[in-house]
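Residue numbers (the numbering used here), protein chains in the order written: chain A, 24 to 303; chain B, 32 to 686.
Here's the structure we're looking at; comments come further down.
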Amino acid sequence: MGEARELTPEQLRLLRDVLQEACGFVLREDLKFIAERRLAPRLEALGLRDFGSYQRYLRFDPRGKEELALAIDLLLPRETYFFREPAQLSTFVDEVVPRLFQHGVGRTLRVWSAGCSSGEEPYTVSMLLAEHPLLAGRELDVLGTDLSQKALAAARHAEYGPSALRATSPRQRERFFEPAEQGRVRVKRAYRESVRFGWLNLVDARGAGLLPPMDVIFCRNVLIYFDAETRRRVVQLFSERLRDGGYLLLGHAENLFSLSTKFELVQLSGDLVYRKPPLG
Amino acid sequence: MTWADSDPAAERRYRAVAERALEPGALPELVEALFDESWRVRRLAAERLVALRQPDALLAPLLEVLGRRGQPGARNAAAAALVHLGPVAIGPLQRLLRHDDPDQRKFAADILGGLGLEAASPALVAALDDADPNVQVAAAEALGKTGGPPARAALERLLSRGGPLLQVSALEALTALGAPPPLTVLVPLVEHPLTRRSAWRLVGRVQHRSAWVLMARHLGHSPARDAALLAMGAARQALPGDVEAELALVVAQAPDAAAWLGRCLASEDEERRVGALHLVRAARLAALAPAVASAADAGGPAELALAVLSSLGAAGAAALAVGGPPAWLSMAREARAVAGEALVEHASPRLVPFLVELLDAGEPELAEVAVRALGRAQTGAAAEPLARALDDEALGGAAARGLALLALDFPDVTTRALERRLDAGPPSAALVHAWAGVVGAGAGPRLHRALHDEAEAVRAAAAEEAGVVPAEAAALLGMAVVDESARVRCGAARAVGRLRGAEGRALLERLLDDPVPAVLARACLSALERGEAWAAPRLAALAGHPDAVVALAALQAAVLLGVADDALLTGALAHPDGEVVKQALAAGASSRAVVAAAAGALAHPRWDVRAEAARALAAGGGAEHLPALRAAAGREVEPLAHQALVAALKALEAR
Chain A
24 MGEARELTPE QLRLLRDVLQ EACGFVLRED LKFIAERRLA PRLEALGLRD FGSYQRYLRF
84 DPRGKEELAL AIDLLLPRET YFFREPAQLS TFVDEVVPRL FQHGVGRTLR VWSAGCSSGE
144 EPYTVSMLLA EHPLLAGREL DVLGTDLSQK ALAAARHAEY GPSALRATSP RQRERFFEPA
204 EQGRVRVKRA YRESVRFGWL NLVDARGAGL LPPMDVIFCR NVLIYFDAET RRRVVQLFSE
264 RLRDGGYLLL GHAENLFSLS TKFELVQLSG DLVYRKPPLG
Chain B
32 MTWADSDPAA ERRYRAVAER ALEPGALPEL VEALFDESWR VRRLAAERLV ALRQPDALLA
92 PLLEVLGRRG QPGARNAAAA ALVHLGPVAI GPLQRLLRHD DPDQRKFAAD ILGGLGLEAA
152 SPALVAALDD ADPNVQVAAA EALGKTGGPP ARAALERLLS RGGPLLQVSA LEALTALGAP
212 PPLTVLVPLV EHPLTRRSAW RLVGRVQHRS AWVLMARHLG HSPARDAALL AMGAARQALP
272 GDVEAELALV VAQAPDAAAW LGRCLASEDE ERRVGALHLV RAARLAALAP AVASAADAGG
332 PAELALAVLS SLGAAGAAAL AVGGPPAWLS MAREARAVAG EALVEHASPR LVPFLVELLD
392 AGEPELAEVA VRALGRAQTG AAAEPLARAL DDEALGGAAA RGLALLALDF PDVTTRALER
452 RLDAGPPSAA LVHAWAGVVG AGAGPRLHRA LHDEAEAVRA AAAEEAGVVP AEAAALLGMA
512 VVDESARVRC GAARAVGRLR GAEGRALLER LLDDPVPAVL ARACLSALER GEAWAAPRLA
572 ALAGHPDAVV ALAALQAAVL LGVADDALLT GALAHPDGEV VKQALAAGAS SRAVVAAAAG
632 ALAHPRWDVR AEAARALAAG GGAEHLPALR AAAGREVEPL AHQALVAALK ALEAR
């Protein structure tokens with residue numbers, strides 16, 4: 024059984040092709056062990072003998088598309104928690120938002136959390152901006168999108184366990200969350216109201232084309248899992264969906280070097296961020 | 032610090048560079064922008080210069096900028112651009128290594144290293160004798176990026192003759208190359224405080240018992256043990272058993288070992304964490320199981336952490352259940368996954384209360400772990416929570432399998448738990464599967480009822496399980512094959528494959544004429560499972576079915592039943608779906624007709640089909656196929672297909 028649950032180089036490559044075509048995710052060779060471990064229960068559940076059969080199941084079985092969504096869920100790194108990368112968040116609140124208002128924002132400040140997984144990031148944005156003085160009399164619209172329907176269902180439910188709260192202080196916990204069952208917490212209604220969710224594959228430019236122009240896009244630790252071509256396409260899409268002068272916030276391990284010249288790097292006191300150049 | 036664009040003039044210059052069209056005439060302007068006072072403009076200018084894709088034209092102006100003393104910003108920007116110019120830059124930079132100005136020589140060494148091309152190594156080796164120590168160090172570091180036998184030999188020589196700074200550079204470069212020098216050369220360097228850390232990292236890469244002994248000896252002494260631990264971090268796989276035994280003795284002697292290793296497992300340094308994992312495993316420190324899981328956080332050594340947790344056994348699993356809630360529940364996803372796997376592997380009756388808490392914690396990933404672990408907990412107390420999990424669509428399958436496992440030792444308690452669920456209301460598909468799996472031949476009445484359920488998933492489950500009641504299977508399946516839902520007929524087709532006796536034939540004949548491809552495909556496989564050679568003509572026809580799922584199943588069945596002739600196989604080779612072609616090639620290397628057609632498949636648009644064609648030719652081809660294989664290998668760009676082509680060439684050339 025053990026050997027059959029090992030991905031041969033060819034099976035890994037074929038699986039990578041299927042995933043890459045579906046969502047741009049590149050199953051790198053160093054993720055082989057993780058892939059084997061996370062998919063082994065699926066092979067068992069489906070009664071398949073090896074990963075070659077699994078790859079064929081994904082392509083040919085009537086329930087292959089359903090299974091592919093599940094495989095993507097299992098394999099896509101979804102590490103996220105509230106108030107992640109606090110320095111960048113401070114920069115966002117204290118420098119990016121004021122700067123946006125200096126250049127003029129419409130009645131609604133629109134923030135897109137692209138690849139939001141189970142919703143921690145968009146809710147964090149909502150919590151951080153809920154009482155921002157510059158937003159008095161205006162509306163905040165935070166959109167979280169993800170490829171995983173399962174993750175989005177969890178995001179809408181807005182209930183979280185200890186792993187999601189590992190960077191949340193007791194004060195923040197008290198202020199932004201209410202107790203739920205089994206020691207879990209739920210995001211308070213006030214911070215859920217400005218957040219909505221949508222099912223969106225970043226590789227699908229047509230779907231993203233329906234979104235309104237954004238003031239800020241958060242896309243942290245998502246691009247690193249795409250190949251260069253997909254990254255280019257996604258960054259192009261961000262450039263199209265951002266207002267002139269809008270900001271793109273990436274994860275700390277990410278940059279746009281050799282991907283796009285449509286953004287400029289701006290050094291703020293707390294962080295480096297990308298901005299779509301303002302008109303004029 | 033202020034906003035970069037608070038200087039409008041700098042902002043205008045940045046825009047000008049960003050918007051400058053990338054054509055040959057842009058070169059002088061972009062080179063000029065390398066001298067800009069704003070680092071953003073300089074950086075962008077360097078990027079844009081590289082994007083011009085004119086390495087020959089860029090060399091002279093960039094080298095000229097590099098020579099401007101008093102212009103550090105411009106020089107750095109020029110160096111950043113030169114690194115991207117490729118082999119064309121090697122010659123001029125080699126000449127620059129002989130420049131009078133040591134700064135220029137150092138820049139040349141740095142850039143040659145950045146190019147990462149082995150062809151630059153000889154010049155860098157010569158630069159190790161430069162009069163300026165900074166140039167020597169830069170050359171040593173660069174050799175760690177360019178590599179090759181001369182680089183390695185020169186770096187090893189430095190270990191014996193250089194001063195500590197140069198020795199550290201050489202050690203780091205050899206580490207980067209993954210090329211440890213002889214242990215005898217390293218031993219004096221691990222004793223020296225300045226070279227100790229770098230030398231240990233290389234000791235860890237010496238795959239010999241003497242290196243392990245050296246590490247074990249130093250792990251016992253606190254001044255050197257951190258560095259020795261780093262050396263252990265170089266070993267990603269399990270250590271030899273005798274080495275582990277010796278390490279266990281060393282750890283046992285250190286009173287603060289558990290606390291120290293706990294800190295090391297939480298270290299940011301991955302090599303330190305890996306070293307600590309080896310020691311925890313050697314010393315079987317089960318209490319550190321949560322810390323072991325934490326060492327597998329994102330990007331960490333998950334495979335090793337899992338192996339270590341596995342070696343800690345039931346005591347390690349019990350340690351994971353300690354705390355309210357246990358610490359690992361707050362950890363990163365990978366750490367939680369690793370801890371979960373350990374719980375599944377070493378589930379025991381004492382863990383059941385904790386696993387039930389995990390099941391109810393509201394987190395899908397943890398619930399899935401809990402269900403899998405409960406199924407292996409070897410106690411009847413796991414039956415009730417598992418039966419409850421059958422109602423959850425995501426957990427039902429795993430719960431049903433767990434209950435079947437549990438029923439082997441606790442049949443009564445498992446059956447009662449399932450009965451209570453069945454009596455409580457409409458069953459889920461998983462509950463039907465579980466009931467059939469646990470009760471077997473006695474499941475008939477419930478299966479009859481489930482076969483008339485409103486939910487197609489439940490009817491499909493009942494159909495699939497019909498075989499557990501041999502006396503009633505034909506009657507049950509007779510209903511299922513005329514169900515309006517293809518999912519139910521698929522379940523029936525699966526069950527027919529396992530049905531013994533003549534009555535299965537009539538059912539199969541009907542299923543092999545089903546209008547839905549998924550049912551047809553499943554029926555083909557059932558024909559194979561039943562060994563129905565009479566189905567050969569139908570299978571031959573279905574092998575040409577336009578839907579690949581049917582063609583694949585029919586082909587597989589025909590091949591394994593021994594009824595696939597040349598016409599069927601070559602017909603499959605013409606199928607529009609590459610997967611079918613691949614299967615025909617994989618099955619037909621003993622057929623002359625298939626081997627003859629395989630040469631044509633070397634030009635197939637899919638790389639995996641080309642690889643399979645190469646393998647078919649290797650197994651069944653001859654010298655006449657060598658030209659086609661050579662041509663295919665010459666144009667192949669996909670590494671795995673190329674590998675298969677080269678292997679085929681070797682096989683045929685040797686024949």
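Idealized CB from N, CA, C, for every residue including glycine.
Bear in mind that the values here come from a model prediction, so they are computed numbers and not experimental data.
By the C-beta criterion, the segment 454-474 of chain B is judged to be in contact with the segment 492-504 of chain B, since at least 3 inter-stretch pairs fall below 8 Å. Listed along chain A, no residue sits closer than 7 Å to B:A465 by beta-carbon distance, the nearest being about 13 Å off. Between B:A582 and B:L573, the beta carbon gap of about 7 Å places them in contact (Cβ cut-off 8 Å). Just so you know, the alpha carbons of A:D250 and B:L316 end up roughly 41 Å apart. Against A:Q205, the close residues of chain B are D391, A392, G393, in the order they occur along the chain (beta-carbon pairs closer than 7 Å).
About 6 Å separates the CB atoms of B:A629 and B:L616; that is less than 8 Å, so the two are in contact.
Residue pairing from DSSP leaves B:M263 without any beta-bridge partner.
About 5 Å separates the Cβ atoms of B:A247 and B:E277, confirming a contact at the 8 Å cut-off. By the CB criterion at 8 Å, B:A664 and B:L680 fall inside the cutoff. Going by DSSP, A:W135 is part of the beta strand (DSSP E) stretching over 131-137. Looking at A:A58, A:R219, A:G269, A:G127, the one whose alpha-carbon comes closest to that of A:A176 is A:R219. For A:Y146, the enclosing alpha helix (DSSP H) stretches over residues 143-152. Taking 8 Å as the upper bound on Cβ-Cβ separation, chain B lies near residues P64, E67, A68, R79, R82, F83, D84, P85 of the segment 63-90 of chain A. By the criterion of a C-beta distance shorter than 8 Å, B:P636 is surrounded in its chain by G609, once the five residues flanking it on both sides are discounted.
If you ignore the 5 residues before and after B:S191, its C-beta comes within less than 7 Å of the C-beta of V216, all in its own chain and listed in chain order. DSSP, reduced to helix, strand and coil, places A:Q290 within a strand of the structure shown.
Residue contact check for B:A537 against chain A: no CB pair falls below 8 Å. Between the segment 130-149 of chain B and the segment 92-100 of chain B there are three or more inter-stretch CB-CB distances shorter than 8 Å, so the stretches are counted as touching.
By alpha-carbon distance to A:R51, the top candidate from A:P236, A:L99, A:S76, A:L91 is A:L99. Between B:Q409 and the set B:R367, B:L439, B:E563, the nearest pair of CA atoms involves B:L439.
Note that the segment 243-259 of chain A touches the segment 269-289 of chain A; at least 3 beta-carbon pairs, one per stretch, sit closer than 8 Å. The C-alpha of B:A352 lies about 30 Å from the C-alpha of A:D53. Scanning the segment 427-474 of chain B from its first residue to its last, the whole alpha helix (DSSP H) runs of 4-plus residues come out as 427-440, 442-455, 460-470. Distance from the Cα of B:V640 is smallest, within the candidate group B:A675, B:D514, B:A588, for B:A675. Here the segment 163-172 of chain A makes no contact with the segment 108-122 of chain A; the two share fewer than three CB pairs at distances below 8 Å.
Closer than 8 Å to the CB of B:A642 there is at least one CB belonging to chain A.
When the five nearest sequence neighbours on each side are left out, the beta carbons in the same chain lying within less than 6 Å of the beta carbon of B:R106 are those of L97, in order along the chain.
For the pair B:S229 and B:S341, the Cα-to-Cα distance works out to about 32 Å.
According to the DSSP secondary-structure assignment, A:C242 is paired through a beta bridge with A:L273.
For B:R520, there is no enclosing beta strand (DSSP E); the enclosing alpha helix (DSSP H) covers residues 517-529. Look at A:R51: its C-beta is not under 8 Å from any C-beta on chain B. Between B:L434 and B:A465, the C-beta gap is smaller than 8 Å, which places the two residues in contact.
Rounded to whole angstroms, the gap between the alpha carbons of B:A139 and B:V612 is 54 Å. Residues of chain A whose Cβ lies closer than 8 Å to the Cβ of B:P356 are, in chain order, P185, G206.
In this model, A:W135 and A:A190 are separated by some 22 Å (Cα to Cα). Along the segment 639-673 of chain B, going in chain order, the ones with a CB nearer than 8 Å to a CB of chain A are D639, A642, L671.
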